[in-house]
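Numbering (this note's numbering), first residue to last: 1159 to 1437. Just so it is clear, CB atoms sit at the ideal spot from N, CA and C, and this is done for glycine as well. In this text the structure is predicted, and so the values were computed from the model without any measurement. Okay, structure first, notes after.
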């Protein structure tokens, strides 16, 4: 394994330093972690980030990360975004031999992920309260604001899934509630509105809409024909399954892009359970 103080390692984090570098055929390298180096290639027509990983026997595997965003640039990867992509690739590559190259759209998303870690409008709310009420620690309210915002972003994704299915998000929540009750499961309208935390009037409106779309049907309860149940039609079942597949895939992509590990998510989940239990 190469040492941290490997020769020819320079600080590439400064845009001014990168600007002062002379164009050359090979990248300039910075050691990020033992065995994982971030490279900056500067040519006459542009610049790009490269990564290399120590694979043993004095050898490295090298690959291009993507275009670099330099001083006053608006496209390409920032230093921090490129570093995060390098570390992600180095970790994954050790297990699966993943490809490091980042497309232009992926570069934009990676840079956006890093930029989102910087102060944003939610931080501005906390800072504003700290200015007018310095006696109040607004960190905790700010923390819960982020949870609310995460829910808002997730609901927007569900709305898009519902739109693709030709329905709306309220109707989609009913389809998913019925689907998780079993392939042939049926539920009372009362149970539906209690589970979905909506009013009886709202669930009646949603069920009427879904019946008009032929996605649900009303059936009599076994042993009590006076009690009415609601269940998915074959088409409703197919739409619910397809929607759940898209939602699950989207969430996996989010976690993969964030770099958050399963262990970290498990810890956060445990903490949320304890917070909810105390509410």
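Sub-8 Å separation of residue i and residue j beta-carbons
| i | j | result |
| --- | --- | --- |
| residue 1386 | residue 1376 | yes |
| residue 1225 | residue 1200 | no |
| residue 1245 | residue 1191 | yes |
| residue 1330 | residue 1336 | no |
| residue 1313 | residue 1327 | yes |
| residue 1332 | residue 1364 | yes |
| residue 1294 | residue 1405 | no |
| residue 1296 | residue 1288 | yes |
| residue 1408 | residue 1315 | yes |
Buried/exposed call for residue i, threshold 16 Cβ in 10 Å
| i | result |
| --- | --- |
| residue 1338 | exposed |
| residue 1417 | exposed |
| residue 1213 | exposed |
| residue 1373 | buried |
| residue 1430 | exposed |
| residue 1254 | Model confidence at residue 1254 stands at a pLDDT of 38, short of 50, so the residue's coordinates are unreliable and nothing is read from them. |
| residue 1321 | exposed |
| residue 1243 | buried |
| residue 1340 | exposed |
| residue 1325 | buried |
| residue 1424 | exposed |
| residue 1202 | exposed |
| residue 1183 | exposed |
| residue 1311 | exposed |
| residue 1433 | exposed |
| residue 1298 | exposed |
| residue 1277 | Any answer about residue 1277 is weak, because its pLDDT of 48 lies below 50 and its placement is not dependable; what the coordinates show is given next. Burial call: exposed. |
| residue 1177 | exposed |
| residue 1427 | exposed |
Cβ separation of residue i and residue j, assumed to be a contact under 8 Å, to the nearest whole Å
| i | j | result |
| --- | --- | --- |
| residue 1388 | residue 1350 | 7 Å |
| residue 1240 | residue 1207 | 4 Å |
| residue 1196 | residue 1209 | 6 Å |
| residue 1304 | residue 1334 | Their Cβ separation, rounded to whole angstroms, is 25 Å, which puts residue 1304 and residue 1334 out of contact at 8 Å. |
| residue 1361 | residue 1355 | With 8 Å as the limit, residue 1361 and residue 1355 do not qualify as a contact, their Cβ atoms being about 10 Å apart. |
| residue 1282 | residue 1194 | At roughly 35 Å, the Cβ-Cβ gap does not stay under 8 Å, so residue 1282 and residue 1194 are not in contact. |
Beta-carbon contacts of residue i that lie in its chain and below 7 Å, excluding the five residues immediately before and after
| i | result |
| --- | --- |
| residue 1205 | 1198, 1199, 1226, 1228 |
| residue 1317 | 1327 |
| residue 1218 | 1210, 1211, 1212 |
| residue 1367 | 1329 |
| residue 1185 | 1197, 1198, 1199, 1208 |
Cut-off 8 Å between Cβ atoms - residues of its own chain near residue i, not counting five sequence neighbours on either side
| i | result |
| --- | --- |
| residue 1323 | 1330, 1397, 1400, 1401 |
| residue 1391 | 1372, 1373, 1374, 1375 |
| residue 1358 | 1347, 1348, 1351 |
| residue 1169 | 1175, 1188 |
| residue 1307 | 1280 |
| residue 1179 | 1186, 1198, 1200 |
| residue 1437 | none |
Chain B contact for residue i (CB, 8 Å cutoff)
| i | result |
| --- | --- |
| residue 1325 | In the structure shown, chain B cannot be found, because there is only a single protein chain. |
Distance cut-off 7 Å: residue i Cβ against heavy atoms of the ligand SAH
| i | result |
| --- | --- |
| residue 1172 | Absence of the ligand SAH from the depicted structure is noted, as is the absence of any ligand whatsoever, leaving it without description. |
6 Å Cβ shell around residue i - same chain, five flanking residues per side excluded
| i | result |
| --- | --- |
| residue 1435 | none |
Hey, which unbroken runs of the beta strand (DSSP E) at 3 residues or more fall wholly within the segment 1200-1229? Runs of the beta strand (DSSP E) lying entirely within the segment 1200-1229, each at least 3 residues long, are 1205-1214, 1217-1225 in chain order.
Can you list, in chain order, the stretches of the alpha helix (DSSP H) that have 4 or more residues and sit fully within the segment 1337-1424? Segments of the alpha helix (DSSP H) lying fully in the segment 1337-1424: 1347-1354, 1358-1370, 1392-1416.
4-residue-minimum alpha helix (DSSP H) runs that sit fully inside the segment 1292-1335, ordered along the chain: Fully enclosed alpha helix (DSSP H) runs of 4 or longer: 1297-1322.
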